[in-house]
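**Q** Shown below is the structure under consideration.
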Amino acid sequence: MGVFHVDIEVHSQVPAEKMYKALLLDGDNLISKVVPRFVKHVEIIQGDGGVGTIKQVTFGEDVEFKTAKQRVDEIDERNLTYSYSIIEGDVLQGVFESIRNDYKFMPSNGGSRIKHKITYNSIGDAKLTHDQIKDAREKSAIILRAVESYLQANPDAY
Numbered sequence: 001m002g003v004f005h006v007d008i009e010v011h012s013q014v015p016a017e018k019m020y021k022a023l024l025l026d027g028d029n030l031i032s033k034v035v036p037r038f039v040k041h042v043e044i045i046q047g048d049g050g051v052g053t054i055k056q057v058t059f060g061e062d063v064e065f066k067t068a069k070q071r072v073d074e075i076d077e078r079n080l081t082y083s084y085s086i087i088e089g090d091v092l093q094g095v096f097e098s099i100r101n102d103y104k105f106m107p108s109n110g111g112s113r114i115k116h117k118i119t120y121n122s123i124g125d126a127k128l129t130h131d132q133i134k135d136a137r138e139k140s141a142i143i144l145r146a147v148e149s150y151l152q153a154n155p156d157a158y
């Protein structure tokens, strides 16, 4: 099994706590609202939203995959971190055992710096391609920018 990492960093004009709250407290609804072409629907199928919760994600038309099952791995409101793993679905492409997403939101000059680390755990000798890395970086940045734009347009939200 191989392990591959993709590190993404986005700077935002929105304060770290506000970005964190929007993505953590209402991210499932908010992301499908601001980028429905990427995420069509998210449904909790087991749990209460906390650690261990299992969610079913249905992707939108701009994503080549149809579904993913996610497990919430960590929520740390004090340190503004959030992690989840994709554990099932065609997004794993039959070559990944799981894909973990770790987010850290940090204050920075009145706004925030968001670090998103994606860890791909491959099955056998499968490798992460340059196109997969590029796609992961682009989609992450688009989603974070869409949330940022929504929060700037709706300053009283969250």
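Going by UniProt numbering, the sequence shown opens with residue 1, and the numbers climb by one from there. We put the beta carbon where it would ideally sit given N, CA and C, even for glycine. Predicted model only: the values in this text are computed from it and were never measured.
In or out: glutamine 46 buried (at least 16 other Cβ within 10 Å) or exposed?
**A** exposed
**Q** With 16 other CB atoms within 10 Å as the buried threshold, where does lysine 55 fall?
**A** buried
**Q** For aspartate 90, which option in Lys66, Asn101, Met106 and Met19 has the closest C-alpha, if you only look at C-alpha atoms?
**A** Lys66
**Q** What does the Cβ neighbour count give for glycine 27, buried or exposed, with the cut at 16 atoms within 10 Å?
**A** buried
**Q** Would leucine 92 pass as a contact of glutamate 17 if the rule is Cβ separation under 8 Å?
**A** no
**Q** CA-CA distance, serine 112 and aspartate 7?
**A** 16 Å
**Q** Here's the rule: buried if 16 or more other CB atoms are within 10 angstroms of the residue's CB, otherwise exposed. What is glutamate 64?
**A** exposed
**Q** In the DSSP assignment, find the unbroken alpha helix (DSSP H) run with methionine 19 in it and report its ends.
**A** 16-34
**Q** Quick check on the burial criterion: 16 or more other C-beta atoms within 10 angstroms. Buried or exposed for glutamate 61?
**A** exposed
**Q** Determine, using beta-carbon pairs with one atom in the stretch 132-147 and one in the stretch 22-41, whether at least three such pairs fall under 8 Å.
**A** yes
**Q** Measure the C-alpha to C-alpha separation of residue 173 and aspartate 125 and round it to an integer number of angstroms.
**A** What the structure shows of the chain is the stretch from 1 to 158, and residue 173 is not part of that stretch, so it cannot be assessed.
**Q** Kindly identify the DSSP beta-bridge partner or partners of histidine 5.
**A** Thr119
**Q** Starting from alanine 141, trace the beta strand (DSSP E) both ways and give me its first and last residue.
**A** Element bounds for alanine 141: not the beta strand (DSSP E) but the alpha helix (DSSP H), 130-153.
**Q** Measure from the alpha carbon of valine 39 to the alpha carbon of each residue in Lys69, Ser12 and Val10, then state which is nearest.
**A** Lys69
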